[in-house]
Each structure stands twice: as structure tokens, then as C-alpha cells.
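Undergrad: Mapping to numbering that gives the first Met the number 0: the sequence shown position 149 is 148, numbers consecutive.
Let me give you the structure first, and then I'll get to my questions.
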Amino acid sequence: MSADWPILSAVIWLPVLGGLLVAFSGDKAPNISRWLALVVAVLTFLLSLLLYTGFEMNTAAMQFQENIPWIESFQVNYHLGVDGISMPLIILTTFITILVIIAGWQVIQYKPSQYMAAFLIMEGVMVGVFSALDAMLFYVFWEAMLIPMFLIIGVWGGPNRVYATIKFFLYTFLGSVFMLVALIYMYFQSGSMSILDFHTLKLGLTEQILIFLAFLAAFAVKVPMWPVHTWLPDAHVEAPTGGSVILAAIMLKIGGYGFLRFSLPITPDASKELDWLIIGMSLIAVVYIGFVALVQQDMKKLIAYSSIAHMGFVTLGFFIAFIILAKPEVDGGVILGMQGGMVQMVSHGFISAAMFLCVGVLYDRMHSREISDYGGVVNTMPWFAAFMVFFAMANAGLPGTSGFVGEFMVIVASFRADFWLAFLAATTLIVGAAYTLWMVKRVIFGDIANDNVAALQDINKREALVLTSLAIAVLVLGLWPDPLIQIMDASIANLVNHIAVPKL
């Protein structure tokens, strides 16, 4: 399906141009900048909803395509399109950006117009990553994401922001260099920069393994997977609340998206050969990183490590497909695992955003993220306590919330593959509940710990609006995941059919 008008370009470039306008509006009238940023974010979200209303769910073909020559001598095109894998992530991006703008409304007093502008520009670039169908265009958007996030952490971050920013930049940039080499190699093999042409490219096993490892270097850092995860806790701790929200809710998902768009369809035989590597890294993230979260004293670090553990479910769901495909006697489970990984990505976007926003609410009042500085918050902030407990339960995988759906689907699929894989994956239900409830118990419940907690004031209408929006999203996806599953069903089924047939 082609768009009657360039809707994807509108969703990409409206926030980018709007962000530039907000940045140049200056800080002499910060409220005007804030309202302008909010209007741009809301319009972008409404435009992105047209992708859903006009989406044909019974086809795996790319929809809303735009294809214009860009660098003709190298067959590079401005080629955009979405399917059931990318479209939900675009809507998640535009939705979360609105909440980030509202959350920073009063909190950011230093250069607020540039702060809002950075998030709008990053929104457009991230939508570009999810909709690019040309490899060079994808790479340009992929690298461009680093710039606004670099500035957000570096300008509005904590006392160690320079260290965290440089570490974040080096990890993500160096991994991307290997991906660029792989893309250039495939260009010379196919004579095209089209990602869809790469999907049909016939490659030998050695070529596939090298390309797979090149992609892994880029995508594993973004997810992030163990052992290249160490940049994430530092970045989260130093980032302002909005930066942590975008980092956890959207940027981590781009790594998972990369596996679905590049690694699995382009190098299916290498993915099958090296599935043990990804599954092993995923299970280490699920189990070991869960225990690392259990000993954290900083709330942001705890949630950051929790994100790594939950994203381990995403990559596990994608790669257990090969174990199940090797067992013809097993009925189903391949599509279930991949769908579970996708649901987990969207769910984690809502829950991680909510958890970081809750920490931000407390930090704005007490300027501390240390768990030991709190206790008895429910006595002074009952509405906030209700929200935080709800999101903590969702983070622990409580049935009825979105946190349960994706994890349950991946665990069930893991049982189809191997009992011990499922057993190790299911330990997160215990460990996740342990570190989440431990934090909630010490922060929210009990007697009022000190005078600072006694002086806390409950959430205001702006904060209540943001947290309520996320609570509704977590509940709706938890109780009624079928619309999301229907969107991705044809695209996931097509991907499974693709990887089930060896290229060799």
C-alpha cells in the first residue's frame, strides 16, 4: 500500500522542523516554547495514528511507502515504509514524546526551549529509523539519534554527565561502524541499498556469520545485551528524567527492531548457527542482571538493570524460534515467541517510562535517588504511592498488566523449545518481583523515615495526567493485547516463513 500523501515523511519531519523552530524561539518566553513543543508533539502523535487507521492487517507487505531517488550514483533512495513490526513502535515513540514534554514542563528551567527541541528532533529521527527501507537512510537516522541524546545527557544531566555521555557515545558509535561495513558489503553484492533487496540476497554461511556478527555488534549495544550493557546504568543515572524515559522506552527497542529487520531475514542461516550465543546472552541478562538489580541502592540504577533483564526476554523470544523449528514434532511456538518479544518491547516502553517518571517525581522533590533516603512515602503522597505500586507490579509481571503478557508468551514458547530454557527464563518472575517489591517496600511503605519525607507533597495535575496515561496504556495492553498482536501477525508470520527456509 502506498500513501496518497507522504504521511511517514510528515511524522518524521514535523517534529524535526518543529524542534528547530522551538530551539530558535529562545528562552525569553519559555512558556511559548513549551506550548509550541507540546502542540508539535500532539500533532505528530495524531498523524501517527493515521498509520493505524489506514493499516491493512492481512498483508505483510510494506505500507505507506515513499521512494524518491536520493544519491542516484550509489542507488541510495529516500525509501520509507512500515509493516506490522515497525508501525506499533512508531506510535509508541510519538505517544511517549508527548509525556516527556509534559513531564519536563516545570522541572526544566535551564534552557527549556533547547531541551524540548532536542526531544522533538530525536522523536523524528527515531521514527525515521523505524520506517527507513533504504540501508543508508537507516544508518543516517541511526547515527543521528546519538546527537540529541548526547546533548540531553551532557547539558541537563547529573554531576558525572560528561563520563556517562562519552561512554554512551563510544559504545553505540563503535558498534555501528561494524554495521556500516556489513551494509556496504551487501551493497556491492546486490547493487542496491534497499533493505528489502538485502532480504533476498543469497549469501554463503561464512558471509552470513560475519554479517550477523557485525549487526550483533550494533544491535547488542543498543538493546543492551550482556556483556555490552555497562553504559546503560551510567547513562540512566546521569540523564534527566526525560532522557531516561526515551532511552528506556524507545532507544532500547531499536536494537530489538534491528534483529527483526536485519539479522533474522538477511542472515537466517547464521542466526540458526549462532542462536545459542544470543539465547545464552539473553538468559544471562534475564537471570544474572536480575540479581545485580537486587543489590542496587539507587532507584534509577535498579530500574536500569531491570530494563536489561526485561529486554533479555525480547531477544530470547526472537531466537528460540530456531530451536522450535528444529523440532517438527512441536506444534507452534515460533510465532508465539516472536510475538511475545514484540509485545514485551511495547509493554516495556510503557512500564519503564512510568517507572523512571515515578523516580523523577521523587527526585524533583528531594533531589535524591537513594532508596535509604526514603520510607513511608505513602503517608504523605498517597496518590503517587498508588501509581508507583501499580507500575511496580506491572514491572514484576502481574497478570492483568502488560508486563505479564509478553513474558508469559515468551516463557510458553520457551517450553516448546526446551524445559530448562523456560525454567531459567521463568526465574525472572521471582527475581523481578524480589527487586521490585524490595524497592517499593523501602520507599513507599512503613513509617515516615525523616523530615524530608514528611514534607513531601502529592503529585500535581500535570504529573497525574502523565502517570494516568501510562497506567491506562499498561492496563489496556495487559487486558486486551489482541489489537497489537493482530497488527504484527502477518509480518511476524512472513518473517517466520522466511527464516524457516534456508538460503544455502
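The C-beta atom is built at its ideal place from N, Cα and C for all residues, glycine as well.
Going by C-alpha to C-alpha distance, which of V358, A352, F312, K326 sits closest to Q338?
TA: Your numbering for residue 338 matches position 339 in the sequence shown. Ranking V358, A352, F312, K326 by Cα distance to Q338 puts F312 first.
Undergrad: Identify whether H78 lies in helix, strand or coil by the three-state DSSP scheme.
TA: As a first step, residue 78 is located in the sequence shown; it is residue number 79 there, counting from the start. Note: H78 maps to strand in three-state DSSP.
Undergrad: Return the CA-CA distance between A391 and A217, expressed in angstroms with no decimal places.
TA: Along the sequence shown, read from residue 1 onward, the residue named residue 391 stands at position 392. Along the sequence shown, read from residue 1 onward, the residue named residue 217 stands at position 218. Between A391 and A217, the C-alpha separation is close to 30 Å.
Undergrad: What does DSSP give as the partner residues of N66 in its beta bridges?
TA: The sequence position of residue 66 within the sequence shown is 67, counting from 1. DSSP lists H78 as partners of N66.
Undergrad: In three-state terms, what does DSSP make of M0?
TA: Here residue 0 refers to the residue found at position 1 of the sequence shown. Because M0 carries a pLDDT of 46, less than 50, the predicted location of this residue cannot be relied on, and no value is offered for it.
Undergrad: Between G241 and A384, what straight-line distance do the alpha-carbon atoms span, to the nearest angstrom?
TA: Indexing the sequence shown from 1 puts residue 241 at position 242. Indexing the sequence shown from 1 puts residue 384 at position 385. Each residue's Cα considered, the two are about 20 Å apart.
Undergrad: Helix or strand or just coil, what does DSSP make of M487?
TA: Position 488 of the sequence shown, counted from the first residue, corresponds to residue 487. In this structure, M487 counts as helix in the three-state DSSP scheme.
Undergrad: Taking just the CA atoms, how far does L46 sit from S1?
TA: Numbered from 1 along the sequence shown, position 2 holds the residue referred to as residue 1. Numbered from 1 along the sequence shown, position 47 holds the residue referred to as residue 46. Annotation note: pLDDT 48 at S1 (below 50); position unreliable, coordinate value reported separately. Approximately 16 Å between the Cα atoms of the pair.
Undergrad: Kindly list the residues whose CB is nearer than 8 Å to the CB of S8, restricted to its own chain and excluding five residues on each side of it in sequence; keep chain order.
TA: Within the sequence shown, the letter at position 9 stands for residue 8. The residues are E65, L79.
Undergrad: If you draw a straight line from the C-alpha of S72 to the C-alpha of A181, how long is it?
TA: As a first step, residue 72 is located in the sequence shown; it is residue number 73 there, counting from the start. As a first step, residue 181 is located in the sequence shown; it is residue number 182 there, counting from the start. Their backbone Cα atoms lie some 20 Å apart in a straight line.
Undergrad: Of all the options F318, L251, K299, which has the alpha carbon lying nearest to the alpha carbon of I278?
TA: As a position in the sequence shown, residue 278 is number 279, starting the count at 1. Minimum Cα distance to I278 is reached at F318.
Undergrad: From the DSSP secondary-structure annotation, give me the bridge partner or partners of S193.
TA: Translated into positions along the sequence shown, residue 193 becomes position 194. S193 is bridged to D133.
Undergrad: Runs of 3 residues minimum, wholly inside the segment 402-465: which ones carry the beta strand (DSSP E) assignment?
TA: Correct list: empty.
Undergrad: What residues are listed by DSSP as bridge partners for E71?
TA: Numbered from 1 along the sequence shown, position 72 holds the residue referred to as residue 71. None; E71 has no bridge partner.
Undergrad: With a floor of 4 residues, list each alpha helix (DSSP H) that falls wholly inside the segment 364-398, ordered by position along the chain.
TA: Runs found: 376-379, 381-394.
Undergrad: Would you call the CB atoms of A134 and M192 closer than 8 Å?
TA: On the sequence shown, position 135 is the one that residue 134 refers to. On the sequence shown, position 193 is the one that residue 192 refers to. Yes.
Undergrad: I'd like to confirm the pairing. Which residues does DSSP put opposite D481 in its beta bridges?
TA: Here residue 481 refers to the residue found at position 482 when the sequence shown is read from its first residue. Bridge partners of D481: none, in fact.
Undergrad: Using 8 Å as the threshold, is the C-beta distance between I84 and M365 below it?
TA: Counting from 1 along the sequence shown, the entry for residue 84 is found at position 85. Counting from 1 along the sequence shown, the entry for residue 365 is found at position 366. Contact flag unset, no.
Undergrad: Which residues does DSSP pair with D297 in a beta bridge?
TA: Here residue 297 corresponds to residue number 298 of the sequence shown, with the count starting at 1. DSSP output for D297 lists E369 as bridge partner(s).
Undergrad: With E122 and P239 assumed to form a contact (beta carbons below 8 Å), what rounded beta-carbon distance in angstroms separates them?
TA: In the sequence shown, counting from the first residue as 1, residue 122 sits at position 123. In the sequence shown, counting from the first residue as 1, residue 239 sits at position 240. With a Cβ gap of about 16 Å, E122 and P239 do not count as contacting.
Undergrad: Short of 6 Å in beta carbon distance, which residues of its chain neighbour K299, apart from the five on each side in sequence? Order them along the chain.
TA: Position 300 of the sequence shown, counted from the first residue, corresponds to residue 299. Once the five neighbours on either side are set aside, the close Cβ partners of K299 are H235, V236, V358, R368.
Undergrad: Quick one: what does DSSP say H497 is sitting in, helix, strand or coil?
TA: Your numbering for residue 497 matches position 498 in the sequence shown. H497: helix per DSSP, three-state reduction.
Undergrad: I need the DSSP call for G336, collapsed to helix, strand or coil.
TA: Counting from one through the sequence shown, the residue named residue 336 turns up at place 337. Helix at G336.
Undergrad: Tell me the DSSP secondary structure of N30 in three-state form.
TA: Position 31 of the sequence shown, counted from the start, is the residue given in the question as residue 30. Here N30 sits in helix by DSSP.
Undergrad: Just mark N394 as buried or exposed, buried being the case when its beta carbon has 16 or more other beta carbons within 10 Å.
TA: Translated into the one-based positions of the sequence shown, residue 394 becomes position 395. It is buried - the Cβ of N394 has at least 16 other Cβ atoms within 10 Å.
Undergrad: Expressed to the nearest angstrom, what Euclidean distance is found between the alpha-carbon atoms of V10 and L20?
TA: Position 11 of the sequence shown, counting from 1, holds the residue named residue 10. Position 21 of the sequence shown, counting from 1, holds the residue named residue 20. So the two alpha carbons sit approximately 16 Å from each other.
Undergrad: How far does the alpha helix (DSSP H) with M144 in it reach, from first residue to last?
TA: Position 145 of the sequence shown, counting from 1, holds the residue named residue 144. Where M144 is concerned, there is no enclosing alpha helix (DSSP H), given that its DSSP letter is neither H nor E.
Undergrad: Keeping to the same chain, check which residues put their C-beta closer than 6 Å to that of S281; ignore five residues upstream and five downstream.
TA: Reading the sequence shown from its first residue, position 282 is the one you call residue 281. If we look at S281 and ignore the five residues flanking it on each side, its Cβ neighbours are G311, T314, L315.
Undergrad: Quick check on DSSP: helix, strand or coil for M178?
TA: Position 179 of the sequence shown, counted from the first residue, corresponds to residue 178. In this structure, M178 counts as helix in the three-state DSSP scheme.
Undergrad: Could you spell out where the alpha helix (DSSP H) holding M86 opens and where it closes?
TA: Stepping through the sequence shown from its first residue, residue 86 is reached at position 87. It spans 86-102 - the alpha helix (DSSP H) in which M86 sits, taken as one unbroken run.
Undergrad: For the alpha helix (DSSP H) holding G17, just list the boundary residues, first then last.
TA: Here residue 17 refers to the residue found at position 18 of the sequence shown. Counting along the chain, the alpha helix (DSSP H) containing G17 begins and ends at 6-23.
Undergrad: Just to confirm my understanding: we take V128, look at its own chain, exclude 5 residues before and 5 after, and list those with CB closer than 6 Å. What are they?
TA: For the purposes of this step, residue 128 is taken as the residue at position 129 of the sequence shown. Closer than 6 Å at the Cβ level, and outside the excluded window around V128, lie F140, W141, I253.
Undergrad: Do three or more CB pairs link the segment 397-409 to the segment 339-353 at distances below 8 Å?
TA: Yes: the two stretches touch, three or more of their Cβ pairs being nearer than 8 Å.
Undergrad: The alpha helix (DSSP H) that contains I210, what's its start and end?
TA: Along the sequence shown, read from residue 1 onward, the residue named residue 210 stands at position 211. Start and end: 204-221.
Undergrad: Does DSSP put A320 in a helix, in a strand, or in coil?
TA: The sequence position of residue 320 within the sequence shown is 321, counting from 1. Looking at A320 - three-state DSSP - the assignment turns out to be helix.
Undergrad: State yes or no: is the C-beta of G255 within less than 8 Å of the C-beta of M344?
TA: In the sequence shown, counting from the first residue as 1, residue 255 sits at position 256. In the sequence shown, counting from the first residue as 1, residue 344 sits at position 345. Contact: yes.
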